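Trainee: Please see the structure below; I have some questions.
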Amino acid sequence: MLKIKKGLIAFVWGFVFEKVTPQLIIDRSLRSPFKSFVHEHHFISIEDSRTKLIDRVTFELPLAPLSNPIAWFVRYDMKNMFIYRHQKTLEYFSDSVFASL
Numbered sequence: 573m574l575k576i577k578k579g580l581i582a583f584v585w586g587f588v589f590e591k592v593t594p595q596l597i598i599d600r601s602l603r604s605p606f607k608s609f610v611h612e613h614h615f616i617s618i619e620d621s622r623t624k625l626i627d628r629v630t631f632e633l634p635l636a637p638l639s640n641p642i643a644w645f646v647r648y649d650m651k652n653m654f655i656y657r658h659q660k661t662l663e664y665f666s667d668s669v670f671a672s673l
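If you're matching positions, the sequence shown starts at 573 in the working numbering and goes up one per residue.
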């Protein structure tokens, strides 16, 4: 379970890993603010010591079609969150012991 805070609102997320391989991790939410939420983490080797991370998310908002007008904002916010996460991941591995391997 994860507790995620967005502004003044806190969400509790529960998820299960459906697939875990060196190239792919898929997690699906069991409990979240979404009707459905699947997150795929793709790891693609691009050089001997470099890996490209691609996140692919599919989701459905609750109360669709009433919630459809805010779907654009959810996608926009999620895109910015993943840009931030990818920057932090790159910083972590660039500054870590792994960078010297």
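Ideal Cβ positions, reconstructed from N, Cα and C, are used throughout, including at glycine.
Quick caveat: nothing in here was measured; it's all calculated off a predicted structure.
Give me the Cβ distance between V610 and T623, rounded to the nearest whole Å; I'm assuming they're in contact under 8 Å.
Mentor: So it is not a contact: roughly 22 Å between Cβ atoms.
Trainee: In three-state terms, what does DSSP make of S604?
Mentor: Coil, per DSSP.
Trainee: Is it true that the CB of L633 sits closer than 8 Å to the CB of K607?
Mentor: Cβ distance < 8 Å, so K607 and L633 count as in contact.
Trainee: Are the beta-carbon atoms belonging to L596 and H613 less than 8 Å from one another?
Mentor: Cβ atoms of L596 and H613: closer than 8 Å.
Trainee: If you reduce the DSSP assignment to three classes, tell me which class D599 lands in.
Mentor: Here D599 sits in strand by DSSP.
Trainee: In angstroms with no decimal places, state the Cα-to-Cα distance between R628 and F654.
Mentor: Cα to Cα, the separation comes out at about 10 Å.
Trainee: Can you name the start and end residues of the beta strand (DSSP E) that T593 belongs to?
Mentor: Per DSSP, T593 belongs to no beta strand (DSSP E) and is neither H nor E.
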